[in-house]
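Data first, discussion second: the structure below is written as structure tokens.
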């Protein structure tokens, strides 16, 4: 039950932020693993090498601090983007990242379906470059007959022309870990609250909760 409450709260916060003009920059800044794949998708077909520290900078550093080692910069931890293969691969490579961990890292799958704000979007190998904002909903990972369903609160999906897809989610829970009866109860409770709400704030909170719990119930049935 605590897992369902925590996730519903995260979805509600994401929905509120989306209604105000976009996802929370604070939440997105918590996404840990930095990846070169998050560059502009429009130029994703051109492999890029992370810029190195120039010789001029090294010389200037030695003059100012000759006894100290050259500090690390963000580009030291980035790798160049893999080139676009000549033929479309048979598998899609998926990196599914949460603020605290990788849920999937370089996982070879057949397809992913993400809940984009523009609608459900299926991604297959060879998909064109796309950046999609995620809304609360069901994200499914298909690998043969095996299908894993996650409930995500918000985030972004970066689809690259080299058949690599990076999914960054603020919160995600396996659908099988959630209690459908608790979700149904939450949906019923907030439906009652919406009918009895007397202020705009109370109505908005109830409508957001109904959207979240409705998504959970639909995913679990």
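In our numbering, the protein residues as written are 40 to 260. Glycine residues also receive a C-beta, built at the ideal position from the N, C-alpha and C atoms. Note that the structure is a prediction, hence the values are computed from the model and not measured.
When DSSP labels each residue in this structure, what does residue i get in the three-state scheme?
{"i": "residue 127", "result": "coil"}
{"i": "residue 82", "result": "Residue placement at residue 82 is flagged as unreliable, the pLDDT there being 49, under the threshold of 50; a coordinate-derived value is accordingly withheld."}
{"i": "residue 144", "result": "strand"}
{"i": "residue 256", "result": "helix"}
{"i": "residue 230", "result": "helix"}
{"i": "residue 113", "result": "helix"}
{"i": "residue 158", "result": "strand"}
{"i": "residue 225", "result": "helix"}
{"i": "residue 69", "result": "Here residue 69 scores only 40 on pLDDT, less than 50, and its place in the model is too uncertain to base an answer on."}
{"i": "residue 168", "result": "coil"}
{"i": "residue 101", "result": "helix"}
{"i": "residue 202", "result": "coil"}
{"i": "residue 241", "result": "helix"}
{"i": "residue 94", "result": "helix"}
{"i": "residue 179", "result": "strand"}
{"i": "residue 248", "result": "helix"}
{"i": "residue 211", "result": "strand"}
Can you tell me which of the options puts its alpha carbon nearest to the alpha carbon of residue i?
{"i": "residue 181", "options": "123, 171 and 146", "result": "146"}
{"i": "residue 185", "options": "221, 150 and 236", "result": "150"}
{"i": "residue 222", "options": "236, 235, 248 and 234", "result": "248"}
{"i": "residue 115", "options": "140, 102, 103 and 93", "result": "93"}
Just to confirm, is the Cβ distance from residue i to residue j under 9 Å?
{"i": "residue 232", "j": "residue 211", "result": "no"}
{"i": "residue 164", "j": "residue 131", "result": "yes"}
{"i": "residue 125", "j": "residue 190", "result": "no"}
{"i": "residue 172", "j": "residue 192", "result": "no"}
{"i": "residue 219", "j": "residue 167", "result": "no"}
{"i": "residue 215", "j": "residue 188", "result": "yes"}
{"i": "residue 196", "j": "residue 159", "result": "no"}
{"i": "residue 100", "j": "residue 106", "result": "no"}
{"i": "residue 97", "j": "residue 109", "result": "yes"}
So, under 8 Å CB-CB, residue i and residue j are touching, yes? Tell me the CB distance rounded to an integer number of Å.
{"i": "residue 136", "j": "residue 213", "result": "The Cβ separation is near 16 Å, so there is no contact."}
{"i": "residue 198", "j": "residue 169", "result": "4 Å"}
{"i": "residue 148", "j": "residue 133", "result": "6 Å"}
Following a CB-centred definition, is residue i positioned closer than 8 Å to any heavy atom of the ligand PLP?
{"i": "residue 216", "result": "Looking for the ligand PLP in the displayed structure turns up nothing, as the structure carries no ligands at all."}
Exercise. Counting pairs of Cβ atoms below 8 Å between the stretch 237-248 and the stretch 189-208, do you hit three or more?
Worked result: no
Problem set entry | Three-pair Cβ contact test at 8 Å for the stretch 219-229 versus the stretch 241-255 | yes
For this session: Taking 8 Å as the threshold, find out whether the stretch 145-156 comes into contact with the stretch 170-184 through three or more Cβ pairs.
Result: yes
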